[in-house]
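The next block holds one structure in the form of structure tokens; read it before the comments.
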Amino acid sequence: MSLVNIISAVGNNSSVYPLIVRDCGIEGPAKIALTYQQNARESKEMARHATRERFIDEYGTSAVWLGGIPLVEVIYDKIVKKTGYNTAVNPKLFNEAEKQGLEYNIKKFADKAPDAVQDLIKVKNNKKAFERILSGKFLAATAIPTVLMGVVLPKLNFKLTDKKMKEMKEKQGKIDYSLLNLSAAENFAKPKENISFKGIASVLANTNQVQKMAVTDGGLTVGRVGTARNRNEKIEMGFKMGAMIVVNFVTPKYIQRGLDSFSKKLLGINVNVDPVVLNDKKFLKDIKEDTLLLPKQTESVIDFIDNNPEAKFTKYAQKFSGVKFIKGTNIRDPRAYVDEKKVRGLADSIADFASSAKASGNIEKYAKKALCVKSANIIANLGISSLLLAVGIPKAQFLLRKIISGTDIDPGLIKNPEEKQA
-15 MSLVNIISAV GNNSSVYPLI VRDCGIEGPA KIALTYQQNA RESKEMARHA TRERFIDEYG
45 TSAVWLGGIP LVEVIYDKIV KKTGYNTAVN PKLFNEAEKQ GLEYNIKKFA DKAPDAVQDL
105 IKVKNNKKAF ERILSGKFLA ATAIPTVLMG VVLPKLNFKL TDKKMKEMKE KQGKIDYSLL
165 NLSAAENFAK PKENISFKGI ASVLANTNQV QKMAVTDGGL TVGRVGTARN RNEKIEMGFK
225 MGAMIVVNFV TPKYIQRGLD SFSKKLLGIN VNVDPVVLND KKFLKDIKED TLLLPKQTES
285 VIDFIDNNPE AKFTKYAQKF SGVKFIKGTN IRDPRAYVDE KKVRGLADSI ADFASSAKAS
345 GNIEKYAKKA LCVKSANIIA NLGISSLLLA VGIPKAQFLL RKIISGTDID PGLIKNPEEK
405 QA
């Protein structure tokens, strides 16, 4: 993968790639280091326990968070396929539109893609059953990873700490462990609030992986707060997890928009297209020779894609706007839904850039500058978001800890926070 493709991938805030970089490459190591530093102010022994817990928490959670959803979906799809249904059929096609829908696609692709059409017919004749299948898929893909991350992993993590502390107490009987939570296992037996997913499965059946990850983060917050070992740890967990959801799934998009807008105002360079497009020599040649083929404002983007499957724009629509083709063919997959608004937005952005590049007088030079600025903006966005996650949130969490607990030690390692504070 080229450097431009890597920058493009980490700059796509609708994909998992920036989450992987922030979560595993920057946030995890920084939080682990800060955890040791903070706890070591009062006890190196507590720092070792807290650091081990944080390491398991960060990377154990990341493994389930990033890999759990696609793994569960693959298994679920294989099971469902044996019943004759194909979950590739998008339920948005249930609503017939001018250029797409179950009935429309069945007629249009009857000869072009007969196998895909059979999947559509199966769903058309069993809509309610298919809706339940999709709801079950969403529920399984979000609930299973959430329970693993929010309940199973922290309980095992706490039990390991409890075991390590008891072993240390047996070896060093003179150490005062009166403040430590040596009876954490008793807390696990206490009834916890159940995580409820009722009612959201059918509504979110059409979500992508990143949106499902946001949902699991919400469930994870509930699980982590529920399994926290005392009141102060619950408060910290609620604050930390809530802040992480906002920084992971909300702020990066606004930071990117702000940086791109600022660049246009300050430098007069249009950077509202992906680095892969800016680096495409054929695309730049098409602009220069007036051969760039884009859907007209009065033309349906679906008709354009179907009539021009080999066009440069069609390839971009597949890469950036979720348009799907049947593997190994130049036929659009009739089971997939085309977000016409998103595709039209992509066309407008490309047309706008092409106009700006041509007006500059030197298309190649303009594109090169735009590529540099866009890449810098993506790296800056990644850096700012990572800094907020890796340093900003932990520092705010430690400040909150000092206020409510009066100590630098992780509250879960203290048996009675109220007595400690007094």
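According to this note's numbering, the sequence shown is numbered sequentially starting from -15. Heads up, the beta-carbon is just placed ideally off N, CA and C, and yes, glycines get one too. Just so you know, these numbers come straight off a predicted model, no measurement behind them.
Pick from the options that is closest to residue i, judged by C-alpha positions
i	options	result
G120	T71, K155, A81 and K150	T71
V357	K342, M133, V285 and D258	D258
E115	D332, R32 and V73	V73
K255	I90, A354, K150 and E82	For clarity, residue 255 is Val in the given sequence; the question names Lys instead. Out of I90, A354, K150 and E82, A354 has the C-alpha closest to the C-alpha of V255.
V101	K111, K112, E87 and A113	E87
A125	K153, F142, P54 and N89	P54
S(-14)	N214, I4, N263 and S339	N263
A335	V322, N365, T313 and Y300	Y300
K237	L366, N89 and I105	L366
E273	R241, N89 and S339	S339
F122	I59, N110 and E151	I59
K65	K269, V107 and S27	V107
N141	T35, T205, I229 and L243	T35
E151	F337, E29 and Y20	E29
E82	G390, V322, F337 and L383	V322
L276	G329, K303 and F337	F337
L50	V5, P13 and P75	V5
S344	K266, L251, D61 and G329	L251
K266	A295, R241, N214 and S370	A295
Endpoints, alpha helix (DSSP H) assigned at residue i
i	result
P259	P259 to L262
Q102	P98 to K108
L84	As written in the sequence, residue 84 is Gln, which differs from the Leu given in the question. Counting along the chain, Q84 falls outside any alpha helix (DSSP H), and DSSP gives it neither H nor E.
G242	T235 to L251
C356	I347 to L371
L278	No alpha helix (DSSP H) holds L278; DSSP gives it neither H nor E.
V48	K28 to K65
V(-6)	L(-13) to G(-5)
S389	I377 to S389
D146	L137 to K155
L268	K265 to K272
I4	Y1 to I4
L330	E324 to A343
D13	Before going further, note that residue 13 is Pro rather than Asp in the sequence given. Here the alpha helix (DSSP H) through P13 covers G12 to A24.
P129	K111 to V131
Cut-off 7 Å between Cβ atoms - residues of its own chain near residue i, not counting five sequence neighbours on either side
i	result
I368	I239
E217	P395 and G396
K15	R38, E42, A374 and P378
K224	I377 and Q381
A169	Confidence in A169 is poor, its pLDDT being 35 and thus under 50, which makes the residue's placement too unreliable to answer from.
K148	H33
G183	Interpretation of G183 is limited by its pLDDT of 35, a score under 50 that renders its predicted location unreliable; the figure taken from the coordinates is listed afterwards. Nothing meets the Cβ criterion.
L278	F297, A331, I334 and A335
S247	I253, V255, V357 and N361
I388	N216 and I219
L104	V73, L86, N89, I90, P318 and R319
Neighbourhood of residue i by C-beta, 6 Å cutoff - its chain only, sequence neighbours within 5 removed
i	result
S46	D7 and C8
A212	K218 and M221
L3	none
V485	What the structure shows of the chain is the stretch from -15 to 406, and residue 485 is not part of that stretch, so it cannot be assessed.
Residue i and residue j closer than 8 Å at C-beta
i	j	result
I286	K342	no
I410	K96	Here the chain has residues from -15 to 406 only, and residue 410 is not among them.
I10	A227	no
I117	S359	no
G(-5)	I253	no
L372	V234	no
V260	V(-12)	yes
S305	K280	no
L77	G85	yes
P293	F93	no
L268	E324	no
A24	A17	no
A351	L243	no
A320	K308	yes
Cβ-based neighbour list, residue i, same chain, cut-off 8 Å, excluding 5 preceding and 5 following
i	result
I128	G52 and V56
K386	D392
G415	As displayed, the chain neither begins before -15 nor continues past 406, which places residue 415 out of reach and without an answer.
V187	Unreliable positioning characterises V187 in this predicted model, as indicated by a pLDDT of 47, which lies under 50. The coordinate reading is nonetheless provided below. Taken in chain order, the list of residues that qualify is empty.
E80	L86, E87 and Y88
G202	I229
K249	none
K111	F78
Distance cut-off 7 Å: residue i Cβ against heavy atoms of the ligand SAH
i	result
I128	Among the ligands in the structure shown, none appear at all, so the ligand SAH cannot be discussed.
Below-8 Å beta-carbon distance, residue i vs any chain B residue
i	result
K155	Of the protein chains in the structure, only one exists, and it is not chain B.
Alpha helix (DSSP H) runs wholly inside the region 286 to 312, at least 4 long, in chain order: DSSP runs (the alpha helix (DSSP H)) wholly in the region 286 to 312: 296 to 304.
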